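Encoded as structure tokens, the structure appears first; notes follow it.
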Amino acid sequence: EPEVTQTPSHQVTQMGQEVILRCVPISNHLYFYWYRQILGQKVEFLVSFYNNEISEKSEIFDDQFSVERPDGSNFTLKIRSTKLEDSAMYFCASSDRLYTDTQYFGPGTRLTVL
Amino acid sequence: SQQGEEDPQALSIQEGENATMNCSYKTSINNLQWYRQNSGRGLVHLILIRSNEREKHSGRLRVTLDTSKKSSSLLITASRAADTGSFFCAFLNSGTYKYIFGTGTRLKVLA
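Chains A and B, in that order, are what the protein sequence lines are.
Going by my numbering, the first residue of the first sequence is number 240, and it counts up by one from there.
Going by my numbering, the first residue of the second sequence is number 83, and it counts up by one from there.
Now the structure itself:
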């Protein structure tokens, strides 16, 4: 069964450094998403992406964040200058033809900012 | 607040018993999805129910949606120890088109 994959599974970085989290969505899906989950808290929507542009974004998704689909398979989340409070689990998700279709989540990348 | 609330926050049952968890929300929604998460790992999709549907089944799972009460419930019948995990609802706000996750229910099924 096709699945969303994410790399790396764990990323440790120093405060102020840039990180890029990578995702490979399910191949025929058209909508892509990033979420984050701070330890012990609920999952929070960051951004949705369709047709090579951002569809929706949350208040969390400020100028430090950017997303890109650099080729036909990868979907990336870049955090330009990491802060301690960016430490969280970051989940990528994708859905099929409609925004209202089921979202399938990847296993997540645990980001630790020191 | 757009936050989804789930109750109970934690539930502990014996294997074979049924588990019911509830999700409430405050906005108009397009659909509502239930997910399971094991030990801080990825989210596994369980069921999607659309705003014009009232009930859906998938194996041992039964989901109901009451849009007039702005609530949904997930029933797991004949629970197994392997069902242990956290369960989240996520609803699509039909105004903002953003998915909002609930606070989650931690289920523990004792063998």
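Glycine included, each C-beta is placed from N, C-alpha and C at the ideal position.
All of these numbers come straight from a predicted model, not from anything done at the bench.
Quick check on residue i: does DSSP put it in helix, strand or coil?
i, result
"residue 340/A", "coil"
"residue 163/B", "helix"
"residue 323/A", "helix"
"residue 49/B", "In the structure as shown, chain B starts at 83 and stops at 193, and residue 49/B therefore has no counterpart that could be examined."
"residue 314/A", "strand"
"residue 107/B", "coil"
"residue 268/A", "coil"
"residue 86/B", "strand"
"residue 252/A", "strand"
"residue 299/A", "coil"
"residue 193/B", "coil"
"residue 179/B", "coil"
"residue 335/A", "coil"
Since residue i meets chain A, which of its residues come closer than 9 Å, beta carbon to beta carbon?
i, result
"residue 123/B", "328, 346 and 347"
"residue 139/B", "Chain A residues near residue 139/B: none, gap ~16 Å exceeds 9 Å."
"residue 185/B", "280 and 281"
"residue 130/B", "339, 340, 341 and 342"
Taking C-beta pairs closer than 8 Å, name the residues in chain B that residue i reaches, listed in chain order.
i, result
"residue 295/A", "178, 179 and 180"
"residue 343/A", "127"
"residue 284/A", "180, 181, 182 and 183"
Relative to the C-alpha of residue i, which residue among the options is closest?
i, options, result
"residue 187/B", "99/B, 86/B, 97/B and 103/B", "103/B"
"residue 31/B", "91/B, 86/B and 95/B", "For residue 31/B there is no data in the structure shown, the boundaries of chain B being 83 and 193."
"residue 165/B", "87/B, 88/B and 100/B", "100/B"
"residue 353/A", "252/A, 246/A, 294/A and 241/A", "252/A"
"residue 136/B", "184/B, 90/B, 169/B and 156/B", "156/B"
"residue 269/A", "283/A, 254/A, 287/A and 255/A", "287/A"
"residue 289/A", "307/A, 283/A and 300/A", "307/A"
"residue 296/A", "154/B, 179/B, 88/B and 126/B", "179/B"
Along chain B, which residues have their Cβ under 7 Å away from the Cβ of residue i?
i, result
"residue 210/A", "Look at the range of chain A in this structure, 240 to 353, and you will see that residue 210/A is not part of it."
For residue i, which residues in chain A fall below 8 Å Cβ to Cβ?
i, result
"residue 170/B", "281 and 282"
Margin query: Using a Cβ distance threshold of 8 Å, determine whether the stretch 249–262 of chain A contacts the stretch 340–353 of chain A, with at least three qualifying pairs required.
Written below: With a cut-off of 8 Å, the stretch 340–353 of chain A and the stretch 249–262 of chain A count as touching, because enough Cβ pairs lie within range.
Margin query: Could you check whether the stretch 326–336 of chain A touches the stretch 106–113 of chain B, counting it as contact only if at least three pairs of C-beta atoms, one from each stretch, sit closer than 8 Å?
Written below: no
Checklist line | Sufficient close CB pairs (3 or more, under 8 Å) joining the stretch 267–278 of chain A to the stretch 312–331 of chain A | finding: yes
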